[in-house]
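Heads up, the thing below is written out as structure tokens.
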Amino acid sequence: MSALEELTRLAALAVGVGALVAGALVLVRTRRPSVALPVLLELLLAAGLLRLAGDPSWGTIATVAALVLLRRLIGAGLRAGDRSLFPRTAQAGRGSAGPGS
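Sequential numbering from 90 applies to the sequence shown in the numbering used here.
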């Protein structure tokens, strides 16, 4: 194993551990998985890209591609979930007559 591979492997490991810690801290602080999960996934993607820089094998490429796909799918699911939890009405704030009008 070359020095570059070893360095990127250790950096990826550090970023991966940092991703878990940061994701957990955001979850504890906000109590909202929809906020903490993107933080975790972004940092895991960074760790995967670091690994790819040191070991550009097909297995590593597949792992990073799976992380990108997972990140996109979870992000789309979170956005769809936010829309369904807080539906917007067509008349909200537009000329609706309140009590006493």
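Beta carbons are placed, not taken as given, at the ideal position from N, Cα and C, and that holds for glycine.
If distances are taken between C-alpha atoms only, which option among Ala-113, Ser-123, Arg-140, Val-110 comes closest to Glu-95?
Translated into positions along the sequence shown, residue 95 becomes position 6. Nearest of Ala-113, Ser-123, Arg-140, Val-110 to Glu-95, Cα basis: Arg-140.
I need the straight-line Cα distance from Leu-167 to Ala-113, nearest angstrom please.
On the sequence shown, position 78 is the one that residue 167 refers to. On the sequence shown, position 24 is the one that residue 113 refers to. About 18 Å.
Can you tell me whether Thr-97 is buried or exposed? The criterion is at least 16 other CB atoms within 10 Å of its CB, across all chains shown.
In the sequence shown, counting from the first residue as 1, residue 97 sits at position 8. Counting Cβ neighbours within 10 Å, Thr-97 comes out buried, since at least 16 surround it.
Measure the Cβ-Cβ separation of Ala-136 and Val-104 and say whether it is below 8 Å.
Taking the sequence shown and counting its residues from 1, one reaches residue 136 at position 47. Taking the sequence shown and counting its residues from 1, one reaches residue 104 at position 15. A contact, by the Cβ cut-off of 8 Å.
What does a CB cutoff of less than 6 Å around Leu-162 pick up in its chain, not counting 5 residues either side in sequence?
Within the sequence shown, numbered from 1, the residue matching residue 162 stands at position 73. Correct list: empty, nothing qualifies.
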